[in-house]
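First up is the structure itself, then whatever we jot down about it.
Residue numbers (the working numbering), protein chains in the order written: chain A, 3 to 54; chain B, -7 to 194.
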């Protein structure tokens, strides 16, 4: 899946960049959730009860 | 709450800095909601709310930058040698993770602000009429792409921030962003007094 969105130019030639691909939004949200889960597991397993 | 008296309180954040934090949080959330709900299919008149909120965010970020450079200890938020040699040691006022998070979210918000201000030229406002030809098509594409990528990355960062704000072992930080101070026990438990003597100057 591309990071960007393109449109065909009405004047011909190559595609024109028009912005970010918002289809990636769930993946950015998933990255945040994945970090949260990984950190929570690490803290529970590797450093239980440790304040920092 | 801990029942600490004013004499027991170790200041961490002045009122103006806490106000900045919460106004910034509100504006970022409003900007993300008004940006992404229409993309997800919830249709409403979002453009006006979005640019006005973006303008508020721009103004408070400018105030924060001036305040951080001239009135606060700017270097307290910059990683130092100890952060590199022993990143898991008791920190000064901010841990290395907090400093890196601040750096990342600063870059994302500044990217969103700069590109957002350029995109403002394509919106009718009380100050001007829109001019979609102000930049070339290719340049607008780069501006929109950077704005969109920064916004989506901010979703990741907000999720991570909320997680740390809600973790029980970080509640002293969340409380301090509400009331401005921590207790002496929280100070000795979490901070190296040689690296932060306690105080809300930064």
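Even glycine gets a Cβ: it sits at the ideal position worked out from N, Cα and C.
Using only the alpha-carbon positions, how far apart do residue 183 of chain B and residue 107 of chain B sit?
Position 191 of the second chain, counted from the first residue, corresponds to residue 183 of chain B. Position 115 of the second chain, counted from the first residue, corresponds to residue 107 of chain B. When only Cα atoms are considered, residue 183 of chain B and residue 107 of chain B end up about 38 angstroms apart.
Could you check what DSSP says for residue 84 of chain B in three-state terms: helix, strand or coil?
One-based indexing of the second chain puts residue 84 of chain B at position 92. In this structure, residue 84 of chain B counts as coil in the three-state DSSP scheme.
Listing by chain order, which chain B residues have their CB less than 8 angstroms from the CB of residue 16 of chain A?
The count along the first chain starts at 1 and reaches residue 16 of chain A at position 14. At a beta-carbon threshold of 8 angstroms, none of the residues of chain B lie near residue 16 of chain A; the nearest stands roughly 10 angstroms away.
Quick one: is residue 155 of chain B near chain A, going by C-beta distance under 8 angstroms?
Taking the first residue of the second chain as 1, we reach residue 155 of chain B at position 163. With 8 angstroms as the cut-off, residue 155 of chain B counts as an interface residue toward chain A.
Could you confirm whether any beta carbon from chain B is found closer than 8 angstroms to the beta carbon of residue 44 of chain A?
As a first step, residue 44 of chain A is located in the first chain; it is residue number 42 there, counting from the start. Closer than 8 angstroms: no.
Strictly under 8 angstroms for the Cβ-Cβ distance: is residue 140 of chain B near chain A by that measure?
What you label residue 140 of chain B is simply residue 148 of the second chain in a count that begins at 1. For residue 140 of chain B, the answer is yes, since a Cβ of chain A falls inside 8 angstroms of its Cβ.
Interface residues of chain B facing residue 38 of chain A [CB-CB closer than 8 angstroms]:
Indexing the first chain from 1 puts residue 38 of chain A at position 36. Those within 8 angstroms of residue 38 of chain A in chain B are 151, 152, 155.
Quick one: using the 10 Å Cβ neighbour count with 16 as the cut-off for buried, is residue 43 of chain A buried or exposed?
Counted from its first residue, the first chain places residue 43 of chain A at position 41. Per the 10 Å Cβ criterion, exposed.
Check whether the stretch 108 to 118 of chain B touches the stretch 36 to 49 of chain B, taking contact to mean three or more Cβ pairs, one atom from each stretch, closer than 8 angstroms.
With a cut-off of 8 angstroms, the stretch 36 to 49 of chain B and the stretch 108 to 118 of chain B count as touching, because enough Cβ pairs lie within range.
Are the beta-carbon atoms of residue 20 of chain B and residue 49 of chain B separated by less than 8 angstroms?
Taking the second chain and counting its residues from 1, the one referred to as residue 20 of chain B is at position 28. Taking the second chain and counting its residues from 1, the one referred to as residue 49 of chain B is at position 57. For residue 20 of chain B and residue 49 of chain B, yes; Cβs fall inside 8 angstroms.
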